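The next block holds one structure in the form of structure tokens; read it before the comments.
In full-length UniProt numbering, the protein residues as written are 1 to 439.
Here is the structure:
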């Protein structure tokens, strides 16, 4: 079959003129090429446009043939097609960069071009053939990859920037925290000393409160004894007042009896006067009778009357003295009773005051006892506080050391971020080179 076809072509070639044969052969070659290819004349107008080119650029041959090649396959950044450049230079050209053109539907077609001149036997360039190797898929993938790489680069760069800023911020904050914790540890040390001093002070206060409590108990006992003593004094004053009243009554009775004695003295004086009158009468009668015996009796009666009067006078004087002294005694007893009553009232007030003092001392003793108990409890709490503050201070020191370690690790992390940023930039550069080489 192949031999028959070859013989047919040979027969056709023998029957046709040489120019027409080779022209047909060339056109058939271009049409059957699996790669996109088109032919331009010396003016750059398209003379042939194969099916692969139609598929690549989305333009049928009926519309492309006769049209200037640049109008159909104009490339951004270029002012002529490769075929036109080949016609102009008369030399074959293989472009390393790809060309891009917009299809009628607005999409982009990308191809790597190879051009070769069409020359006459005399060497005149009358046209050119341009082969287009479709790299649209590769270019689109490259662009997607480039966009992805750019997005990745931007994201990584932004992340690295944020991470770097965050790391720097963390480092700065770590240093601030380290300083704050260190200052806090110093303050806790000072607070621990203050709490220890406070604990000692509370213990001293507790000891003093115990002593005051003891003294308060003693004061309460003394106040109780004082109340009892004052009560006894009041009882004695009452007893004295009763006895004084009895004495006053006795003095009053004595005055009554003295008055009776005065009456008796009056009677005696009256009897003495009468006796004296009898003696006088007896003397008169004796003188008249001239009787010695009767005169003697009269003298003795007179002498008895005189002695009676003298004794009565003495008794009266004694009675007057006793009466006067009894009056004075009564006055003094009344004054003494008034003073005793006043003293009793004063002592009663003292008793009331002592009772109030005793009540206040008892309340004070209870309050001081509560204060002593509370102070003992506060002393225990102060000791616990001192222990807790010391523990917190130690922990603050440990935290300071840990934060310092974190700060050191953060600095190492910052260096790692810097190196990672450089590595990402290097990967970005290498990826760009790979993409440049992929088409």
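All residues carry an ideal CB built from backbone N, CA and C; glycine is no exception.
Because the structure is a prediction, the values reported are computed rather than measured.
Problem set entry | Residue range of the alpha helix (DSSP H) that includes residue 87 | 82-89
Exercise. Can you give the beta carbon distance from residue 41 to residue 127, rounded, assuming they're within the 8 Å contact cut?
Worked result: 5 Å
Problem set entry | Classification of residue 244 by the beta-carbon crowding that lies within 10 angstroms, buried from 16 upward | buried
Problem set entry | Limits of the unbroken beta strand (DSSP E) element including residue 111 | 108-119
Exercise. Which whole-angstrom value describes the C-beta separation of residue 351 and residue 240, a residue pair presumed to lie in contact below a C-beta threshold of 8 Å?
Worked result: About 16 Å separates the two Cβ atoms, so there is no contact after all.
Exercise. Residue 135 by DSSP, collapsed to three states: which one?
Worked result: If DSSP states are grouped into helix, strand and coil, residue 135 belongs with coil.
Problem set entry | Length of the line joining the Cα atoms of residue 111 and residue 168 | Between residue 111 and residue 168, the C-alpha separation is close to 49 Å.
Exercise. For residue 37 versus residue 55, is the C-beta spacing smaller than 9 Å?
Worked result: no
Problem set entry | DSSP-derived helix/strand/coil call for residue 101 | strand
Problem set entry | Same chain, Cβ closer than 6 Å to residue 420, neighbours up to 5 away in sequence not counted | none
Exercise. Is residue 40 helix, strand or coil by DSSP?
Worked result: Residue 40: strand per DSSP, three-state reduction.
For this session: Can you tell me which of the three DSSP states residue 8 falls into?
Result: Low per-residue confidence applies at residue 8: pLDDT is 43, beneath 50, and the placement is therefore not dependable, though the value from the model is reported in the following sentence. In this structure, residue 8 counts as helix in the three-state DSSP scheme.
Exercise. Residue 48 and residue 62: beta carbons closer than 9 Å?
Worked result: no
Problem set entry | Three-state class that DSSP yields for residue 68 in the structure shown | strand
Exercise. Run through DSSP, which three-state label would residue 373 get?
Worked result: Here DSSP, grouped into helix, strand and coil, assigns residue 373 to helix.
For this session: May I ask you to verify whether the region 356-366 touches the region 246-257, counting CB pairs closer than 8 Å and requiring at least 3?
Result: no
Problem set entry | Helix, strand or coil at residue 275 according to DSSP, with G and I counted as helix | helix
For this session: Following the continuous alpha helix (DSSP H) through residue 53, name the residue where it begins and the one where it ends.
Result: 51-57
Exercise. Whose CA, out of 268, 87, 349, lies closest to the CA of residue 316?
Worked result: 268
Problem set entry | Expected contact under 8 Å - CB spacing of residue 282 and residue 297 to nearest Å | 6 Å
Problem set entry | Through-space distance from residue 103 to residue 59, alpha-carbon basis | 8 Å
Exercise. For the candidate residues 322, 238, 310, whose alpha-carbon lies nearest to that of residue 253?
Worked result: 322
For this session: Measuring alpha carbon to alpha carbon, tell me which of 115, 418, 426, 392 ends up nearest residue 445.
Result: Because the chain in this structure spans residues 1 to 439, residue 445 falls outside the shown range and cannot be described.
For this session: Go ahead and pull the three-state DSSP assignment for residue 127.
Result: strand
Exercise. For residue 48, which beta-bridge partners are listed by DSSP?
Worked result: Bridge partners of residue 48: 39.
Exercise. Given that a residue counts as buried once 16 or more other Cβ atoms are within 10 Å of its Cβ, and exposed if not, what is residue 85?
Worked result: buried
Exercise. What residues in its chain sit with their C-beta under 7 Å from that of residue 404, if we drop five residues either side in the sequence?
Worked result: 178
Problem set entry | Among 133, 118, 72, nearest to residue 94 - alpha-carbon criterion | 133
For this session: Give me the Cβ distance between residue 275 and residue 301, rounded to the nearest whole Å; I'm assuming they're in contact under 8 Å.
Result: 6 Å
For this session: Please name the residue in 326, 190, 65, 342 whose C-alpha comes closest to that of residue 390.
Result: The closest CA to that of residue 390, considering only 326, 190, 65, 342, is found on 190.
For this session: Under 8 Å by Cβ, that's how I've got residue 44 and residue 69 pegged, so tell me the actual separation to the nearest angstrom.
Result: 5 Å
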